[in-house]
Structures are given as C-alpha cells and as structure tokens.
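All you need for this note's numbering is the position in the sequence shown, starting with 1, plus 200. For glycine and all other residues, C-beta sits at the position ideal for the given N, C-alpha and C. Structure, as structure tokens:
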Amino acid sequence: ILLGEIALHNIGALQNGVARRGSTRPIVAHAERHTLAALLFVAGLYNRPVHIAHVSRREEILLIRAAKEKGVPVTCEVCPHHLFLTTDDFAWLPPGRREVRPRVAAPTDRDALWTNLDVVDCFATDHAPHLLTEKDSDNPPPGFPGVETMLPLLLTAAQQGCLTLDDITTRLHDNPKKIFGLPDQPDTWIEVDPDAEYDLHAADLHSRCAWTPFEGWTVRGRVTRVVLRGQDAYRDGVVLAPPGSGKNIRHNH
C-alpha cells in the first residue's frame with residue numbers, strides 16, 4: 201500500500217499510518233485487491249477519509265461500493281486507460297509501451313468500472329509522459345501520457361451515451377475541488393467543440409513523449425481554448441502560455 205509517498209508493508213504500519221493522519225483532508229493511497237480491503241477496513245475503524253487512486257479492477261470498485269454503503273469515508277478515481285483500454289487492445293504496442301501501474305486489465309474489469317460509474321468520484325490522467333527512448337529501453341518505466349487525450353475520450357463516450365456532460369464536469373472539476381479543498385480558480389475555463397471528429401495521433405499532440413496508447417482512435421470532441429487566470433493558455437492547437445505559468449493552487453491557497 202502506498203499512502204502518499206510512503207510504502208506500508210504490514211497491517212500494523214497501516215494502522216499507525218492511518219491513525220496519525222488528520223480527518224480534514226483525505227489520505228491519498230494506491231492499494232489493490234486484498235490491500236485495498238485492509239485499507240478500507242482501517243479507514244472505517246479510525247473514521248479517516250481516504251482517496252483511492254487509479255482503481256482498475258472489478259473487485260476493487262465493488263469493494264469501494266460496499267465500503268461507501270457502510271459509511272466508510274472513501275472516494276476514488278479512475279484513469280482513462282483503465283476506462284477505455286483492456287489487455288485485448290495491446291497487440292500492436294511494443295512490450296515497454298504496455299507498462300503501466302496498475303496494469304491495464306481484462307474487458308470484464310473495464311466493463312465493471314463503467315457499470316459502477318456512480319461510485320467513481322474523479323477521473324484522473326495519472327499522466328506519465330516517458331519518452332520513447334525510455335519506454336523502448338530494457339528497463340521501461342511504467343506509465344502512459346494522458347493529459348491531451350482524456351477529455352476527447354470522455355466527450356466521445358458522452359456522445360455514445362455512456363455518461364453525461366455533467367458526469368464529466370463533476371468528476372473533473374467539482375468533486376476534486378471538494379475532496380481536496382481546492383480554492384476557486386477565477387477567470388479559468390476551457391472551451392470545446394463537441395462536434396469535431398478526428399483521429400488521435402501522437403504527431404498532433406504537444407507532449408515531448410511523442411506517443412499515445414490511443415494512436416489512431418477516432419474521437420468526437422476537441423478542446424479549442426484554455427483560459428488560465430484570464431489569459432489564453434491554449435487556442436486552436438497552439439500553446440500560448442509561457443513556461444512557468446503553472447502554479448500550485450493548494451500552496452497559494
């Protein structure tokens with residue numbers, strides 16, 4: 201189990217790690233399968249809020265559903281690659297580019313995430329823009345890029361009736377703001393063209409990593425403008441924000 205950046209390897213360490221945390225903001229944790237069950241039990245025991253990162257399997261989302269129904273203060277997030285990809289989609293990818301943690305799972309796991317979407321509080325990219333030289337090496341780091349592809353994928357799913365626009369804004373903005381106590385961001389918004397249909401290609405993206413696991417996917421919905429604190433940060437395919445424009449909004453708060 202990872203609580204923040206701390207790895208815990210036994211139930212005693214888990215109890216101590218949870219018990220000494222405050223109750224105002226959630227403990228962000230990565231836990232899978234039986235370790236998730238242990239974490240949810242301890243969180244309920246001490247009434248400490250926990251946020252489970254990158255849920256990927258059927259058994260995990262069902263554990264979280266059961267915990268919520270019992271009043272355990274738990275929230276969770278799902279990544280686009282676990283919502284849209286399965287082990288069946290990876291034949292074309294070299295082995296190193298398939299590496300991600302948690303691993304992309306079976307179709308039954310993906311389907312369970314969609315079936316239990318009401319349990320999912322947030323969508324998160326888990327953006328890991330490793331270069332191709334790294335991903336194609338003998339020791340490839342795990343992780344996928346996702347910042348530019350997540351919203352088009354979700355907008356496409358909305359067009360297909362899998363979720364609503366309210367589902368998207370709630371899980372990308374409202375819930376993260378509430379869960380993590382983030383401040384308002386004045387004069388900051390995005391604009392999209394919901395009818396723009398196009399194919400995703402790494403050559404059209406802006407990340408230095410120069411690849412995407414969604415290469416060639418047809419999507420419907422394009423981000424056309426990003427306004428950050430009243431200034432255009434992105435417009436019509438061009439990044440306008442200078443380096444260093446980003447801020448830690450929690451720190452500033």
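May I ask you to list the residues that DSSP assigns as paired with residue i?
{"i": "T418", "result": "D399"}
{"i": "F323", "result": "V278"}
{"i": "V228", "result": "H251"}
Could you say which of the options lies nearest to residue i if we only look at CA atoms?
{"i": "A305", "options": "V320, G343, R257", "result": "R257"}
{"i": "E397", "options": "E232, A328, Q359", "result": "Q359"}
{"i": "V272", "options": "A219, P342, N247", "result": "N247"}
{"i": "D321", "options": "T369, M350, T224, H327", "result": "T369"}
{"i": "D384", "options": "A328, T224, N448, L263", "result": "N448"}
{"i": "P340", "options": "A328, G437, L283, E232", "result": "A328"}
{"i": "E391", "options": "W292, E232, L355", "result": "L355"}
{"i": "P294", "options": "L440, S337, E269, V439", "result": "S337"}
{"i": "P307", "options": "F323, E299, F284", "result": "F284"}
{"i": "R450", "options": "F380, D311, L245", "result": "F380"}
Would you report the Cα separation of residue i and residue j, rounded to the nearest angstrom?
{"i": "A237", "j": "R425", "result": "42 Å"}
{"i": "H254", "j": "P442", "result": "30 Å"}
{"i": "I261", "j": "A267", "result": "10 Å"}
{"i": "V242", "j": "R420", "result": "43 Å"}
{"i": "K335", "j": "F290", "result": "15 Å"}
{"i": "R435", "j": "L405", "result": "13 Å"}
{"i": "L400", "j": "G346", "result": "12 Å"}
{"i": "K378", "j": "V423", "result": "24 Å"}
{"i": "W389", "j": "H282", "result": "26 Å"}
{"i": "Q215", "j": "L240", "result": "11 Å"}
{"i": "R233", "j": "C409", "result": "31 Å"}
{"i": "V228", "j": "D288", "result": "30 Å"}
{"i": "H251", "j": "D367", "result": "19 Å"}
{"i": "T318", "j": "V427", "result": "Here residue 318 is Asp; the residue named in the question, Thr, does not match the sequence. Roughly 30 Å separates the two Cα atoms."}
{"i": "R220", "j": "G361", "result": "43 Å"}
{"i": "W314", "j": "T286", "result": "13 Å"}
{"i": "T224", "j": "R429", "result": "28 Å"}
{"i": "E348", "j": "T412", "result": "10 Å"}
{"i": "V218", "j": "T418", "result": "43 Å"}
{"i": "L440", "j": "R303", "result": "35 Å"}
{"i": "E259", "j": "S407", "result": "34 Å"}
{"i": "S445", "j": "L245", "result": "42 Å"}
{"i": "P226", "j": "D374", "result": "16 Å"}
{"i": "G212", "j": "H230", "result": "17 Å"}
In three-state terms, what does DSSP make of residue i?
{"i": "T308", "result": "helix"}
{"i": "P394", "result": "strand"}
{"i": "L293", "result": "coil"}
{"i": "G259", "result": "Checking the sequence shown, residue 259 turns out to be Glu, not Gly. Helix at E259."}
{"i": "Q359", "result": "helix"}
{"i": "R425", "result": "strand"}
{"i": "H373", "result": "helix"}
{"i": "W389", "result": "strand"}
{"i": "D432", "result": "strand"}
{"i": "V278", "result": "strand"}
{"i": "V347", "result": "coil"}
{"i": "V272", "result": "coil"}
{"i": "V300", "result": "coil"}
{"i": "A467", "result": "No answer is possible for residue 467: it lies beyond the span of the chain, which begins at 201 and ends at 453."}
{"i": "T235", "result": "helix"}
{"i": "D366", "result": "helix"}
{"i": "F380", "result": "coil"}
{"i": "A410", "result": "coil"}
{"i": "R450", "result": "helix"}
{"i": "D458", "result": "Outside the modelled stretch of the chain, which goes from 201 to 453, sits residue 458, for which no answer is possible."}
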